[in-house]
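J.: Let me begin by handing over the structure; questions about it come next.
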């Protein structure tokens, strides 16, 4: 599968607490994996949009920059966690994207204090949830990067 669907998160709580909240909100079970590092979590459970299992890998956001140069600013720079969403056994990108959106929407509906960004292929911002502002869906192929800053800045943690 060439595309990835990632939900970026930031809240007042540490990443471990955010991971536990996501697992509870989505009714997922923790999976042990000896390859997991500190602050990494792996969860599995019933998919929302297909007959199958959804897999979530939660870890620190290694894609954003804490103090980027103006030309390197991204919508995800201030988000502390990254959640990779997969459908077990599926290679269908459209199915995975639909599931990631369902997971994003469910998380946005259950925790009003946690900001979220849904991205695809680590290039495009699909949707954002900002506490107090609600959910915003972006036009297709809106860049996560500074190229489309005017489109996403009002909807992300800056």
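In our numbering, the protein residues as written are 21 to 178. Backbone N, C-alpha and C fix where the C-beta goes; we use that ideal spot for every residue, glycine too.
With a 10 Å radius around its C-beta and 16 neighbouring C-beta atoms as the bar for buried, classify residue 55 as buried or exposed.
T.: exposed
J.: Going straight from the alpha carbon of residue 74 to that of residue 104, what length do you get?
T.: 10 Å
J.: Using 8 Å as the Cβ pair cut-off and three pairs as the minimum, do the region 40 to 55 and the region 129 to 141 touch?
T.: yes
J.: May I have the straight-line CA-CA distance separating residue 135 from residue 113, to the nearest angstrom?
T.: 25 Å
J.: Can you grab the Cα-Cα spacing for the pair residue 137 / residue 149, in whole Å?
T.: 6 Å
J.: Taking just the CA atoms, how far does residue 81 sit from residue 143?
T.: 15 Å
J.: Helix, strand or coil: which one does DSSP assign to residue 60?
T.: coil
J.: Taking the CB atoms as reference points, tell me whether residue 90 and residue 97 lie closer together than 8 Å.
T.: no
J.: Contact check, residue 116 vs residue 59 under 8 Å by CB: the rounded distance?
T.: Not a contact, Cβ separation roughly 24 Å.
J.: If we ignore side chains and look at the alpha-carbon of each, how far apart do residue 171 and residue 30 end up?
T.: 20 Å
J.: Applying the 10 Å Cβ sphere with the 16-neighbour rule, what's the burial state of residue 39?
T.: buried
J.: Quick one: what does DSSP say residue 150 is sitting in, helix, strand or coil?
T.: strand
J.: Which value, in whole angstroms, describes the spacing of the CA atoms of residue 93 and residue 146?
T.: 17 Å
J.: 8 Å is my cut-off, CB to CB: does residue 144 come that close to chain B?
T.: The structure shown contains no chain B; it holds only a single protein chain.
J.: Would you tell me roughly how many angstroms separate the C-alpha atoms of residue 166 and residue 174, rounded to the nearest one?
T.: So the alpha carbons of these two residues sit roughly 13 Å apart.
J.: Around the C-beta of residue 153, are 16 or more other C-beta atoms found within 10 angstroms, so that it is buried, or is it exposed?
T.: exposed
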